[in-house]
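Trainee:
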Amino acid sequence: MSAGPPDRDSGNNPPTITASVAGVFAGFGILVAIGLGWTLARSVAGQPPFQLATGPGGAVTLSAASAEPPTLTVAARDISFDNKTLNVAGPGLVNFVVSNTGAIEHDFTIDIPKVKIAPRPGQRATGAVTFEKPGTYSFYCSLPGHREAGMEGKLIVGTGAGLSSKVETASSAAPAAPTPTMVSHASSATPPVRGNQPIQPVMDGGVKVFSLTASVVQWEIIPGVFSEAWAYNGQVPGPVIRVAEGDRVRVTIKNQLPDSTVIHFHGPELPNSMDGVPDVTQPAIPVGGSFTYEFKATPAGTYIYHTHQNSAVQEPKGLMGALIIDPAPGSAEAVRDAKFDRDYLQVLGEFGGYFIMNGHSFPATDVMEAKVGERVRIRLINAGQAAHPMHLHGYHFKVIGTDGRPLPEGAIYLKDTLNISPGERYDIEFVADNPGVWVFHCHILSHVTNQGVDPGGMIAVIKVV
Numbered sequence: 136m137s138a139g140p141p142d143r144d145s146g147n148n149p150p151t152i153t154a155s156v157a158g159v160f161a162g163f164g165i166l167v168a169i170g171l172g173w174t175l176a177r178s179v180a181g182q183p184p185f186q187l188a189t190g191p192g193g194a195v196t197l198s199a200a201s202a203e204p205p206t207l208t209v210a211a212r213d214i215s216f217d218n219k220t221l222n223v224a225g226p227g228l229v230n231f232v233v234s235n236t237g238a239i240e241h242d243f244t245i246d247i248p249k250v251k252i253a254p255r256p257g258q259r260a261t262g263a264v265t266f267e268k269p270g271t272y273s274f275y276c277s278l279p280g281h282r283e284a285g286m287e288g289k290l291i292v293g294t295g296a297g298l299s300s301k302v303e304t305a306s307s308a309a310p311a312a313p314t315p316t317m318v319s320h321a322s323s324a325t326p327p328v329r330g331n332q333p334i335q336p337v338m339d340g341g342v343k344v345f346s347l348t349a350s351v352v353q354w355e356i357i358p359g360v361f362s363e364a365w366a367y368n369g370q371v372p373g374p375v376i377r378v379a380e381g382d383r384v385r386v387t388i389k390n391q392l393p394d395s396t397v398i399h400f401h402g403p404e405l406p407n408s409m410d411g412v413p414d415v416t417q418p419a420i421p422v423g424g425s426f427t428y429e430f431k432a433t434p435a436g437t438y439i440y441h442t443h444q445n446s447a448v449q450e451p452k453g454l455m456g457a458l459i460i461d462p463a464p465g466s467a468e469a470v471r472d473a474k475f476d477r478d479y480l481q482v483l484g485e486f487g488g489y490f491i492m493n494g495h496s497f498p499a500t501d502v503m504e505a506k507v508g509e510r511v512r513i514r515l516i517n518a519g520q521a522a523h524p525m526h527l528h529g530y531h532f533k534v535i536g537t538d539g540r541p542l543p544e545g546a547i548y549l550k551d552t553l554n555i556s557p558g559e560r561y562d563i564e565f566v567a568d569n570p571g572v573w574v575f576h577c578h579i580l581s582h583v584t585n586q587g588v589d590p591g592g593m594i595a596v597i598k599v600v
């Protein structure tokens, strides 16, 4: 019989690697070694590594990886961003580094696509977002009132054409970019329109009747810098409503805003139906509508009136003012008030990215004057969203009232810096016995700048001659 083919391995013997197979593995190992060496060399040289990519016909080719995604650095301060317009090539992934150089909480928010980065005061935080399309996107601080006070801007991705995350309207358009310039502490300026102007009532029997109209105006913060305001009777703050304790008061508001609104009288004693809280004590006043508030003025003191509808948006736009109730004639408080030679009012706040006193930033703030020996009272109202420690140069002052009520003689105390929280009111007094030109300012130092330019913001001058 002739010999047949040899039996195949039945699995009992270990497999062997032929010379040809070994050559294939060796060759592949050499290619891998060359590729790794090439990649390492490019990395050392600072070049992007090569990566596998699918070419025409499904072939695998080598191509250089794209560059690192861009990083945008943004600084938030009280109350503005250091840059209102950011540009980046794109679309694609963008890294953000956000620093909070201010003294209060801020965040950096974009709605589409969603990102929120919230560094604590004095710290920084990072985040990233992928923009699928070129376009113009809005960024802002989402804390109540901060966007309305000016903390917003735009991010242009690529050419800026295409998707827009915010449709600008006459009522929502961001104010024109401010152009503050360096000024002297001795500077002064007088805008053509001032807030806190007294409004005279019309008598209806024994009732004092005041008429307010809420409308959209362009408000000059410092000379040449305007921002859209929602204002009572065309001024920020609104007109001062001043009555005597016990007066019957009627206030009619006409709504010419693009949104419904109300008025809340902050501090005095009111009937519940006159409290001005929408859907609780009254329906919101519709666009084009009106409402009448009526109450007896009591007790005497320094108070605020302001919107309570969508108030985190409406109040920072300017819908606030002062209500002063003077003591009843012959009362102990009336005798005390008669001793003041000067009686000033300062309403603090944030508006259009600026820190304001009576609606304006330095050098356009009101100048207070006194003669040597005169007794001066300053009524302080914080109608803003941040606390403001107010410091007077050259004097210690007495704190004689808080939140509309006089302090008992034994509770009066001396300060040269007084911290005022949002919604608080303080009455202070001093005898002008130290002649000179003195400044009265917020001691959060970023609050005494105009968009980062010092001096500005919450500085007022007191001249004692």
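Residues 136 to 600 in this note's numbering are what the sequence shown lists, from first letter to last. Quick reminder that beta carbons are idealized off the backbone N, C-alpha and C, glycines included.
Determine the DSSP secondary structure at R560, reduced to helix, strand or coil.
Mentor: It is a strand residue.
Trainee: So which of G330, G592, H582 has the shortest CA-CA distance to L454?
Mentor: Closest option to L454, Cα to Cα, is G330.
Trainee: With a cut-off of 8 angstroms, do at least 3 Cβ pairs link the region 362-379 to the region 403-413?
Mentor: No: the two stretches stay apart, fewer than three of their Cβ pairs being nearer than 8 angstroms.
Trainee: Which residues in the same chain as Q258 place their Cβ atom closer than 8 angstroms to its Cβ, once the five residues preceding and following it in sequence are excluded?
Mentor: Cβ neighbours of Q258 beyond the five flanking positions: S234, N235.
Trainee: When you compare only the Cα positions, how much space is there between V386 and V344?
Mentor: Computed Cα separation, rounded: 6 angstroms.
Trainee: Which residue's Cα is closest to the Cα of N230: P256, P434, G262, L483?
Mentor: The option with the nearest alpha carbon to N230 is G262.
Trainee: Is it right to say T151 is buried, meaning 16 or more other beta carbons lie within 10 angstroms of its own, or is it exposed?
Mentor: Caution is warranted here: a pLDDT of 44 is assigned to T151, below 50, making its placement in the model unreliable, and no coordinate value can be reported.
Trainee: So who's on the other strand from K506, going by DSSP bridges?
Mentor: None, per the DSSP bridge assignment.
Trainee: The alpha helix (DSSP H) that contains V470, what's its start and end?
Mentor: Taken as a continuous stretch (DSSP letters only), the alpha helix (DSSP H) holding V470 covers 467-472.
Trainee: According to DSSP, is F185 helix, strand or coil?
Mentor: Note that F185 scores a pLDDT of 41, beneath 50, so its modelled location is shaky; the value from the coordinates is reported in the next line. Of the three classes helix, strand and coil, the one that applies to F185 here is strand, per DSSP.
Trainee: Can you tell me which of the three DSSP states M525 falls into?
Mentor: Correct three-state label for M525: strand.
Trainee: Whose C-alpha, out of E240, M286, G270, P254, is nearest the C-alpha of P218?
Mentor: The question names Pro, yet the displayed sequence has Asn at residue 218. Nearest of E240, M286, G270, P254 to N218, Cα basis: M286.
Trainee: For T294, which residues of its own chain have a beta-carbon under 7 angstroms away from its beta-carbon, when the five flanking residues on both sides are left out?
Mentor: Closer than 7 angstroms at the Cβ level, and outside the excluded window around T294, lie P269.
Trainee: Is the Cβ-Cβ distance between D461 and R510 less than 7 angstroms?
Mentor: Not a contact, by the Cβ cut-off of 7 angstroms.
Trainee: With a threshold of 6 angstroms on Cβ separation, who are the neighbours of V352 within its own chain once the five nearest residues in sequence on each side are excluded?
Mentor: Cβ within range, chain order: A364, A366, G369.
Trainee: Could you check what DSSP says for Q449 in three-state terms: helix, strand or coil?
Mentor: Helix at Q449.
Trainee: Hey, quick one: how far does the beta strand (DSSP E) through E363 stretch, first residue to last?
Mentor: E363 -> beta strand (DSSP E) spans 360-367.
Trainee: Can you name, in chain order, every residue of its own chain whose Cβ lies under 6 angstroms from the Cβ of P205, other than the five neighbours on each side?
Mentor: For P205, where only same-chain residues beyond five positions count, the Cβ hits under 6 angstroms are V223, V229.
Trainee: Of all the options L527, P524, G558, L549, which has the alpha carbon lying nearest to the alpha carbon of D538?
Mentor: Minimum Cα distance to D538 is reached at G558.
Trainee: Using a 10 Å radius around the Cβ and a threshold of 16 neighbouring Cβ atoms, would you call G465 buried or exposed?
Mentor: Exposed, since its Cβ has fewer than 16 Cβ neighbours within 10 Å.
Trainee: Report yes if the CB atom of T271 is closer than 7 angstroms to the CB atom of K289, and no otherwise.
Mentor: Result yes, Cβ atoms of T271 and K289 sit closer than 7 angstroms.
Trainee: How about L405 and F430: do their beta carbons lie closer than 7 angstroms?
Mentor: Against a cut-off of 7 angstroms, the Cβ pair of F430 and L405 comes out as a contact.
Trainee: So what does DSSP say about S496, is it helix, strand or coil?
Mentor: Reduced to three states, the DSSP call for S496 is coil.
Trainee: Go through its chain and collect everything with a Cβ distance to G237's Cβ below 7 angstroms, but skip five positions before and after it.
Mentor: Excluding sequence neighbours, G237 sits near A211, R212, D213, P256, S581.
Trainee: What would DSSP say about L580, mapped onto helix, strand or coil?
Mentor: Looking at L580 - three-state DSSP - the assignment turns out to be helix.
Trainee: Would you tell me roughly how many angstroms separate the C-alpha atoms of I165 and E267, rounded to the nearest one?
Mentor: Low per-residue confidence applies at I165: pLDDT is 46, beneath 50, and the placement is therefore not dependable enough to give any value.
Trainee: Among I356, E203, T265, M338, which one has its Cα closest to the Cα of P226?
Mentor: Nearest C-alpha to P226: T265.
Trainee: Could you name the residues of the same chain whose beta carbon sits closer than 6 angstroms to that of A379, not counting the 5 residues immediately before and after it, in chain order?
Mentor: Only D461 meet the Cβ criterion.
Trainee: When burial is assigned at 16 or more other CB atoms within 10 Å of the CB, is G545 buried or exposed?
Mentor: Exposed.
Trainee: Let me check understanding here. Comparing Cα to Cα, which of I398, A447, G423 lies closest to Y440?
Mentor: Closest option to Y440, Cα to Cα, is I398.
Trainee: Determine whether the beta carbon atoms of P590 and F497 lie at a separation below 7 angstroms.
Mentor: Closer than 7 angstroms, so yes.
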